[in-house]
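Read through the structure below, which is laid out as structure tokens, and then see the notes.
Following this line, the structure appears as structure tokens:
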């Protein structure tokens, strides 16, 4: 297949990680995994896990091999599975029976059903196993899977598009378009990598968005709309766009509207009391199989999610524009006074330019895990 001279374990693992990323947004609730088989300095097989229920990366690479793989080295971005509580056979059995000599793994699988057992199964059969090659990159690639499997909560990303002075809309509510076309394309990529998108009725009423992904062949996320009193219009576009829309409302919201929505195959999540507990909602979404969620809302939703401690990562698109005005809408609202010492601090931050705009990304320090 490919001949690459003088390559190291890291070089081959980089190739495996690049293969894994090809399935971004497609494998949930499974992780993204890539695999490369090397023999005598030549890549003879490679593959990646494409979606849940299909063959795992190791199996794809072995089955695609162009030469005898006995005595070869397998590079894989996540510890091979060894349990049978899934739709596909254990990968360790396939690796062992193929007579692969050496296995290089980026990171251990945090899934308690694996968690080192796959490595031990390979070592028990005499295979040389190396683990920890580019484990940081592998962990970032599957940060949503890791959060989901270790905390029973989805990985939550807060997305904001704002001006240089931190405004998301004019006093009249005008927000289209703060950022440019290239930034908007990146938003669609983010949507395509998330299981679900969370917004609030204010955004839906004002903009009547579809909230779909329009980036290549990526799937659209499940849309979740916070609408306590079911004020959503029957003509709202979000109700008629696949794949699914879920409305989060109060238990005592109008029964006729509930009946209408369920008749349109709209899901309902009902809560009791005056205020919705964001952590309760996140736990419920996890139990529904949602492992990652993108939050696209207004100032109130952004502040409530930050205050509840459910945000893992923030993605702020900053346009080189200044709106000004005390009545313009800020990116983050909320009533509580916050000192600089108590501010939400970011770590592992990065800044890059997208067209005329800037994208600032970072992780909430001491975030709930």
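In this note's numbering, the protein residues as written are 267 to 635. All C-beta atoms, glycine included, are put in the ideal place defined by N, C-alpha and C.
Could you round the C-beta distance between residue 448 and residue 620 to whole angstroms and report it? I think they count as a contact, below 8 Å. The residue given as residue 448 occupies position 182 in the chain shown. The residue given as residue 620 occupies position 354 in the chain shown. Sure, about 5 Å apart at Cβ, within 8 Å.
Which residues DSSP lists as bridging residue 428, in chain order: As a working mapping, residue 428 is identified with position 162 in the chain shown. According to DSSP, residue 428 bridges with 584.
Residue 565 to residue 615, Cα distance in whole Å? Your numbering for residue 565 matches position 299 in the chain shown. Your numbering for residue 615 matches position 349 in the chain shown. The alpha-carbon atoms of residue 565 and residue 615 are separated by roughly 22 Å.
What is the C-beta distance between residue 627 and residue 581, in whole angstroms, given that I count them as a contact (C-beta under 8 Å)? Along the chain shown, one-based indexing puts residue 627 at 361. Along the chain shown, one-based indexing puts residue 581 at 315. Indeed, because the Cβ distance is near 5 Å, the residues count as touching under 8 Å.
Proximity below 8 Å, CB of residue 339 to CB of residue 300: Position 73 of the chain shown, counting from 1, holds the residue named residue 339. Position 34 of the chain shown, counting from 1, holds the residue named residue 300. No, Cβ-Cβ distance for residue 339 and residue 300 is not below 8 Å.
Going along the chain, which residues of its own chain have a beta-carbon closer than 6 Å to the beta-carbon of residue 489, five neighbours each way excluded? Here the question's residue 489 lines up with position 223 in the chain shown. Answer for residue 489: 463, 477, 504 and 511, listed in chain order.
Go ahead and label residue 333 buried or exposed: buried means 16 or more other beta carbons lie within 10 angstroms of its beta carbon, across all protein chains shown. On the chain shown, residue 333 is found 67 positions in, with the first residue counted as 1. Under this definition residue 333 is an exposed residue.
For the candidate residues 431, 494 and 629, whose alpha-carbon lies nearest to that of residue 538? As a position in the chain shown, residue 538 is number 272, starting the count at 1. Comparing Cα-Cα distances from residue 538 to each of 431, 494 and 629, the minimum goes to 494.
Excluding the 5 residues preceding and the 5 following residue 288 in the sequence, name in chain order all residues of the same chain whose CB lies nearer than 7 Å to its CB. Within the chain shown, numbered from 1, the residue matching residue 288 stands at position 22. Cβ neighbours of residue 288 beyond the five flanking positions: 314.
Work out the CA separation of residue 517 and residue 523 for me, nearest whole Å. Sequence index remark: in the chain shown, residue 523 carries index 257 (1-based). Sequence index remark: in the chain shown, residue 517 carries index 251 (1-based). Cα to Cα, residue 523 sits roughly 12 Å from residue 517.
Identify the continuous alpha helix (DSSP H) that holds residue 383 and give its terminal residues. Numbered from its first residue, the chain shown carries residue 383 at position 117. Residues 383 to 390.
Could you tell me the alpha carbon to alpha carbon distance between residue 312 and residue 331, rounded to whole angstroms? Residue numbering aside, residue 312 sits at position 46 when the chain shown is read from its first letter. Residue numbering aside, residue 331 sits at position 65 when the chain shown is read from its first letter. So the two alpha carbons sit approximately 7 Å from each other.
In chain order, what residues of the same chain lie with their CB nearer than 6 Å to the CB of residue 579, ignoring the 5 residues before and after it? Here residue 579 refers to the residue found at position 313 when the chain shown is read from its first residue. Contacts found: 423 and 629.
Can you tell me where the beta strand (DSSP E) with residue 533 in it begins and where it stops? Numbered from its first residue, the chain shown carries residue 533 at position 267. Element bounds for residue 533: 533 to 537.
According to DSSP, simplified to helix, strand and coil, what is residue 375? Working through the chain shown from its first residue, we reach residue 375 at position 109. Three-state DSSP puts residue 375 in coil, outside helix and strand.
Three-state secondary structure (DSSP) of residue 635: The residue given as residue 635 occupies position 369 in the chain shown. Since pLDDT at residue 635 reaches only 45, below the 50 mark, its modelled position is unreliable, and the value read off the structure follows with that caveat. Looking at residue 635 - three-state DSSP - the assignment turns out to be coil, as it is neither helix nor strand.
Inter-residue Cα distance where the pair is residue 405 and residue 533: The sequence position of residue 405 within the chain shown is 139, counting from 1. The sequence position of residue 533 within the chain shown is 267, counting from 1. So the alpha carbons of these two residues sit roughly 33 Å apart.
Just the Cα atoms here: how many angstroms apart are residue 568 and residue 625? Position 302 of the chain shown, counted from the start, is the residue given in the question as residue 568. Position 359 of the chain shown, counted from the start, is the residue given in the question as residue 625. Near 17 Å, if we compare the C-alpha coordinates of residue 625 and residue 568.
Since residue 280 and residue 400 are thought to touch, with beta carbons under 8 Å apart, how far apart are those beta carbons, to the nearest angstrom? As a working mapping, residue 280 is identified with position 14 in the chain shown. As a working mapping, residue 400 is identified with position 134 in the chain shown. About 7 Å; that satisfies the 8 Å criterion.
Hey, out of 600, 573, 618 and 588, whose CA is closest to residue 610's CA? Numbered from 1 along the chain shown, position 344 holds the residue referred to as residue 610. Considering only alpha carbons, the answer is 573.
Using DSSP with H/G/I as helix, E/B as strand and the rest coil, what is residue 282? Start at 1 with the first residue of the chain shown, and residue 282 comes out as number 16. Residue 282: helix per DSSP, three-state reduction.
Using three-state DSSP, classify residue 590 as helix, strand or coil. Position 324 of the chain shown, counted from the first residue, corresponds to residue 590. In the structure shown, residue 590 sits in coil (DSSP, three-state: anything other than H, G, I, E or B).
For a test of the three-state rule: what should DSSP assign to residue 615, helix, strand or coil? Position 349 of the chain shown, counting from 1, holds the residue named residue 615. It is a strand residue.
Quick check on the DSSP output: the alpha helix (DSSP H) that includes residue 438 runs from which residue to which? Here residue 438 corresponds to residue number 172 of the chain shown, with the count starting at 1. Neither: residue 438 is in no alpha helix (DSSP H) and is coded neither H nor E.
Endpoints, alpha helix (DSSP H) assigned at residue 331: To locate residue 331, count along the chain shown from 1; it is residue 65. Here residue 331 belongs to no alpha helix (DSSP H), and DSSP marks it neither H nor E.
CB of residue 328 within 8 Å of CB of residue 306, strictly: As a position in the chain shown, residue 328 is number 62, starting the count at 1. As a position in the chain shown, residue 306 is number 40, starting the count at 1. Taking 8 Å as the Cβ cut-off, residue 328 and residue 306 do not qualify as a contacting pair.
Can the beta-carbon of residue 347 be found less than 8 Å from the beta-carbon of residue 384? In the chain shown, counting from the first residue as 1, residue 347 sits at position 81. In the chain shown, counting from the first residue as 1, residue 384 sits at position 118. Result yes, Cβ atoms of residue 347 and residue 384 sit closer than 8 Å.
Specify the secondary structure class of residue 576 as computed by DSSP and reduced to three states. The sequence position of residue 576 within the chain shown is 310, counting from 1. Residue 576: coil per DSSP, three-state reduction.
Would you mind sorting residue 544 into buried or exposed? The rule is 16 or more other CB atoms within 10 Å of its CB. Along the chain shown, one-based indexing puts residue 544 at 278. Residue 544 comes out buried.
For residue 274, count the other beta carbons within 10 Å of its own beta carbon; 16 or more makes it buried, fewer makes it exposed. Which is it? Start at 1 with the first residue of the chain shown, and residue 274 comes out as number 8. Under this definition residue 274 is an exposed residue.
Nearest by alpha-carbon distance to residue 460: which of 600, 411, 372 and 631 is it? For this step, residue 460 is matched to residue 194 along the chain shown. Nearest option by C-alpha distance: 411.
Classify residue 457 as buried or exposed, calling it buried when 16 or more other Cβ atoms lie within 10 Å of its own Cβ. Taking the chain shown and counting its residues from 1, one reaches residue 457 at position 191. Residue 457 comes out buried.
Do residue 433 and residue 589 have their CB atoms nearer than 8 Å? Indexing the chain shown from 1 puts residue 433 at position 167. Indexing the chain shown from 1 puts residue 589 at position 323. Yes, the Cβ-Cβ distance between residue 433 and residue 589 is below 8 Å.
Contacts around residue 526, its chain only, beta-carbon distance under 8 Å, and the 5 residues preceding and following it disregarded: Locating residue 526 in the chain shown gives position 260, where the first residue counts as 1. Excluding residues within five positions, the ones whose Cβ falls inside 8 Å are 500.
Among 551, 345 and 376, the one whose alpha carbon lies nearest that of residue 535: The count along the chain shown starts at 1 and reaches residue 535 at position 269. Nearest option by C-alpha distance: 551.
Thinking C-alpha only, which one of 498, 507 and 496 is nearest residue 480? Position 214 of the chain shown, counting from 1, holds the residue named residue 480. The residue with the shortest Cα to Cα distance from residue 480 is 507.
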